[in-house]
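Chemist: Mind having a look at this structure? Questions to follow.
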Amino acid sequence: MFELSFIWAGIIAFAVLTYVILDGFDLGVGILFPLADGEREKATMMNSIAPIWDGNETWLVLGGGGLFAVFPLAYAIIMPALYMPIILMLLALIFRGVAFEYRWRTEHGKYIWDAAFFGGSIVAAFMQGIALGALVQGIEVANRAYAGGWWDWLSVFSLLTGVAVVVGYALLGATWIILKTENALQRRMQSYAWYLGAGTLAFIGVVSILTPFQDPEYFQRWLNLPGSIFSVIMPGAVLAAAWALFTGLNASKDAQPFIAALSIFVLCFIGIGISFYPNIIPPSLTIAEAAAPDESLRFALIGTVILVPMILAYTAYAYWVFRGKIDPEEGYH
Amino acid sequence: MFDGFTAETLARIQFAFTVSFHIIFPAFSIGLASYLAVLNGLWLRTRDETYLTLFTYWKKIFAVAFGMGVVSGIVMSYQFGTNWSVFSDKTGPVLGPLMAYEVLSAFFLEAGFLGIMLFGRERVGDKLHMFATAMVAFGTLMSAIWILSVNSWMQTPAGYSINELGQFVPEDWWQIVFNPSFPYRLTHMVLAAYLTTALVVGGVGGLHLLRNRKDAHARRSFSMSMWMLIVVTPLQIFAGDMHGINTLEHQPAKVMAMEGHYDSHPDGAPLILFGIPNSEEKRVDYAIQIPYLSSMILKHHWDAPLDGLDTIPDDEEPPVAIVFWSFRVMVGLGFAMLGLGAWAAWRRFRGRLYDTPLLHRAAIMMGPMGFVAVLAGWITTEVGRQPFTVYGVLRTSDSLAPVAAPAVAASLIAFIIVYFFIFGAGTVYLLRMMNKTPATSKLGLRDGPIRTAGITPIAQTNPDAIPGE
Chain A
0 MFELSFIWAG IIAFAVLTYV ILDGFDLGVG ILFPLADGER EKATMMNSIA
50 PIWDGNETWL VLGGGGLFAV FPLAYAIIMP ALYMPIILML LALIFRGVAF
100 EYRWRTEHGK YIWDAAFFGG SIVAAFMQGI ALGALVQGIE VANRAYAGGW
150 WDWLSVFSLL TGVAVVVGYA LLGATWIILK TENALQRRMQ SYAWYLGAGT
200 LAFIGVVSIL TPFQDPEYFQ RWLNLPGSIF SVIMPGAVLA AAWALFTGLN
250 ASKDAQPFIA ALSIFVLCFI GIGISFYPNI IPPSLTIAEA AAPDESLRFA
300 LIGTVILVPM ILAYTAYAYW VFRGKIDPEE GYH
Chain B
0 MFDGFTAETL ARIQFAFTVS FHIIFPAFSI GLASYLAVLN GLWLRTRDET
50 YLTLFTYWKK IFAVAFGMGV VSGIVMSYQF GTNWSVFSDK TGPVLGPLMA
100 YEVLSAFFLE AGFLGIMLFG RERVGDKLHM FATAMVAFGT LMSAIWILSV
150 NSWMQTPAGY SINELGQFVP EDWWQIVFNP SFPYRLTHMV LAAYLTTALV
200 VGGVGGLHLL RNRKDAHARR SFSMSMWMLI VVTPLQIFAG DMHGINTLEH
250 QPAKVMAMEG HYDSHPDGAP LILFGIPNSE EKRVDYAIQI PYLSSMILKH
300 HWDAPLDGLD TIPDDEEPPV AIVFWSFRVM VGLGFAMLGL GAWAAWRRFR
350 GRLYDTPLLH RAAIMMGPMG FVAVLAGWIT TEVGRQPFTV YGVLRTSDSL
400 APVAAPAVAA SLIAFIIVYF FIFGAGTVYL LRMMNKTPAT SKLGLRDGPI
450 RTAGITPIAQ TNPDAIPGE
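If you're matching them up, the sequences are chains A and B in order. Residue numbers are given in numbering that gives the first Met the number 0: position 254 of the first sequence equals residue 253, and the series is strictly consecutive. Residue numbers are given in numbering that gives the first Met the number 0: position 86 of the second sequence equals residue 85, and the series is strictly consecutive.
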């Protein structure tokens, strides 16, 4: 059971989940950016994530690099299969990433970088959702290579998951802003978060219902042990998180909505994991098949076991150093 | 726009384009991170305000350049899979873990401490701030170590075997990481990054000296960069020579292309200074050459025999003209750097370092030349490795992903448009910042913070405030 490839599947899943929840909220802030009322609010929103977005995106590099390292076959199949969404996501991340710096270096061109920040964030989120949907649909593999065409990723289902991720990230972003701000901006975000929360739950419902129809095997995984245990637990857990979200919003709590939104994402991620397991790429490539030789897995594991806890420690330290509410007045001396 | 090109050609153009843009930023940030650590250390030791002002100035420039490096780097980590998936599948077991180590030991370190370095001085105090600054510099060096190990393994593969699936599998990690060309390539690249940064700093110092030769900040940075040039350029030329000899041992065809040696020279090979490689006739037209000097440099004997490309099968030859020219550009610039450093040393010896406008103009001219030399050097070594991705073992044509040419063409056009727009704007902003003197309090439009990775309100109240400004 505890083969190296399964340990590694767990580590990669952890890296991807960490990426999704961390960059999820800062992409969400970008998605909500046009809703800012005036320069003060724009500055507040951007400053709330400026110290951390770079570290958050590094988890995406770890996801890509890690997959290359320990599941090179999966990496070699997913990237060509999702060619267009991945390239578009990368380009979107470029626009958004440079906006943090550039918008403060020009007065006349500032609107360009504000648009780049919003456009880059929403396109990156949408493409990540499409990539997820395309994976759930399944990817055609023959002779250790992607065997489909370059538009296979596009379907109603993948567009649906694309929109779902945009709405979900916006929820994360709104609850993060609630945590980091006060007054008018915070109150507006509370009302947005209400709608975004309802939208996220609706999308989770629709995608959950449609998922089993993408591949009959998904039915089996959820109806048989041990998956069936989760079939009972998951809806309840999601509802509990939703309850925490909405009560937190109604009671104007600072942190509770954010934590609840994160919990919803973690639960969905576990759900996807149950659907996929033991495959790494549905419908046919298993974790064990895609894994690099044990010697590679072992070598990479040594460093991971030592370095990841250190990374988590100093990342947490950086968040702690820059804790507290954002006050835009303090930003412009 | 790209009709008629094969997917392979387009994928090669795309990789060359994206990696060339990317390398510019690390080449600068590796050197600049170390320079910042030195400036901050000197400030803490001497409490001389000039160092602090320079630190604050260059860290803002660093933040912009670093941001551009991050976003162009993310593209690289996915490009292996999107366009070169067969390469990824085959080399993943060997190269993947090295790249994972790069992310874990370098990228996270840089990203994690950058915010504290840029804005955390007030929040964490001088000591922790110095630690964070040193960690960022250390992170950039770690990144160089791992990625150069990866590249060197592609040039001089070692410590592997090939399994039944055609994958490279690791046999000995020590041999893989410390493959034969790695120590030379690493030394050559890190020195190149330091020189590139020194040239930029020297160019900016020269610019401000031309405007005001009493400018204390310009004097300090110009002096530091000219010291750097005169010390590091000779080391770099020596390291480059060692690297070339190592290449001769492991990748002779590349050296033949660099030298323009189509023919073997059993009695000592001439050094071709200039000429026009003629690939049809397999000779160098209009060659200006110095007899025996190539054998002298490469073999340290004037009459040592040197093989030419006539000993290499045609389908294993690299494109000669590109390698031949890019190598000359790199070497020429290297000697120009040495000349600038020597000239500055002479003026310094005469006590005229800050009173020689012609020298300052030369420094401005040379300001961007480090980037040109780095690109020329990489073109030499990468094109010189062709037609292989893993030298001698895996051909470039066998590394390609099963992607359709229109898909690669469309993404290539998108990359070209986006990169010129984004990095063009970034370059304008960087030049605009460098155009202002370090003493300017408003370096950007707004005073104070930069936002790449580290700004929060409290830090902004007094980010490295400079008394009297």
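Glycine included, C-beta positions come from ideal geometry on N, C-alpha and C. The model shown is predicted, which means the values in this text are computed figures rather than measured ones.
(1) Against chain B, which members of the stretch 59-70 of chain A pass a CB distance test of less than 7 Å?
(2) Check whether chain B comes within 9 Å of A/E294, counting only Cβ atoms and requiring the distance to be less than that.
(3) Mind the definition here: the stretch 79-96 of chain A touches the stretch 125-145 of chain B only if three or more C-beta pairs lie below 8 Å; say whether that holds.
(4) Is the beta carbon of B/A131 sitting closer than 9 Å to the one on B/S33?
(5) How is B/D284 classed by DSSP in three states: helix, strand or coil?
(6) Assess contact between the stretch 162-176 of chain A and the stretch 115-131 of chain A, defined as three or more Cβ pairs (one per stretch) separated by less than 8 Å. Is contact present?
(7) Taking all protein chains shown into account, decide if B/G447 is buried (16 or more other Cβ within 10 angstroms of its Cβ) or exposed.
(8) Are there 16 or more other CB atoms within 10 angstroms of the CB of A/A333, so buried, or fewer, so exposed?
(9) Please check the pair B/V70 and A/G96, which I expect to be a contact at CB under 8 Å, by giving their CB distance rounded to whole angstroms.
(10) Taking all protein chains shown into account, decide if B/V322 is buried (16 or more other Cβ within 10 angstroms of its Cβ) or exposed.
(11) Would you call the stretch 169-180 of chain B and the stretch 229-236 of chain B in contact, with 3 or more CB pairs under 8 Å?
(12) Figure out for me which residue from B/K213, B/A362, B/I23 has the closest Cα to the Cα of B/V200.
(13) What would DSSP say about A/I280, mapped onto helix, strand or coil?
(14) From B/N245 to B/L147, what does the alpha carbon distance come to, in whole angstroms?
(15) Mind checking who B/F61 pairs with in its DSSP beta bridge?
(16) Determine whether the beta carbon atoms of B/H260 and B/L308 lie at a separation below 9 Å.
(17) Return the residue from the list A/V140, A/P50, A/L134, A/P79 that minimises the CA-CA distance to A/W319.
(18) Assign B/L444 to buried or exposed, taking buried as 16 or more other Cβ atoms, counted over all protein chains shown, within 10 Å of its Cβ.
(19) In chain A, which residues lie less than 8 Å from B/L103 when you measure between Cβ atoms?
(20) Entirely within the stretch 246-297 of chain A and at least 4 residues each: give me those alpha helix (DSSP H) ranges in chain order.
(21) Give the range of the alpha helix (DSSP H) segment to which B/N277 is assigned.
(22) Could you check if B/P437 is buried or exposed, using at least 16 other CB atoms within 10 Å of its CB as the buried criterion?
(23) With a 10 Å radius around its C-beta and 16 neighbouring C-beta atoms as the bar for buried, classify A/H107 as buried or exposed.
(24) Going by CA-CA distance only, name the one from A/G29, A/W149, A/I286 that's closest to A/A98.
(25) Starting from the C-beta of B/H264, find all residues in its chain whose C-beta is less than 6 Å away, skip the five residues before and the five after it, and write them out in chain order.
(26) Between which residues of its own chain and B/T395 is the CB-CB distance below 8 Å, once the five residues before and five after are set aside?
(27) Going by CA-CA distance only, name the one from B/L339, B/I73, B/I412, B/A335 that's closest to A/G62.
(28) Let me see if you follow: with CB-CB separation under 9 Å, is B/L51 close to chain A or not?
(29) Give me the Cα-Cα distance between A/G323 and A/K179, rounded to the nearest whole angstrom.
(30) Mapping the DSSP letters down to three states, classify A/A8 as helix, strand or coil.
(31) Going by the CB atoms, is the gap between A/R104 and B/R431 shorter than 9 Å?
(32) Rounded to a whole number of angstroms, what is the C-alpha to C-alpha distance between B/F24 and B/L429?
(33) Considering Cα atoms alone, identify which of B/A64, B/N82, B/S325 is closest to B/P401.
(34) If we ignore side chains and look at the alpha-carbon of each, how far apart do B/G376 and B/D240 end up?
(35) Flag A/T285 as yes when its Cβ comes closer than 8 Å to any non-hydrogen atom of the ligand FMN, and as no otherwise.
(36) With DSSP as the reference, identify every bridge partner of A/A144, one or two as the case may be.
Modeler: To lay it out plainly:
(1) L59, V60, L61, G63, G64, G65, F67, A68, V69
(2) yes
(3) no
(4) no
(5) strand
(6) yes
(7) Any reading at B/G447 must be qualified, since the residue scores a pLDDT of 42, below 50, and its modelled position is unreliable; the value itself is stated next. It counts as buried.
(8) Since the first and last residues shown for chain A are 0 and 332, residue 333 of chain A lies out of range.
(9) 4 Å
(10) buried
(11) no
(12) B/A362
(13) strand
(14) 15 Å
(15) Partner(s): none; B/F61 has no beta bridge.
(16) yes
(17) A/P50
(18) Residue placement at B/L444 cannot be trusted, given a pLDDT of 44 that sits under 50; what the coordinates show is reported in the next sentence. So B/L444 counts as exposed.
(19) L61, G302, T303, L306, V307, I310
(20) 255-275, 286-289
(21) Looking at the DSSP string, B/N277 is not in any alpha helix (DSSP H); the run it does join, the beta strand (DSSP E), is 270-277.
(22) buried
(23) exposed
(24) A/G29
(25) L305
(26) E7, R11, Q385, P386, F387, T388
(27) B/I73
(28) no
(29) 7 Å
(30) helix
(31) yes
(32) 12 Å
(33) B/N82
(34) 13 Å
(35) The ligand FMN is not part of the structure shown, which contains no ligands of any sort.
(36) A/A141
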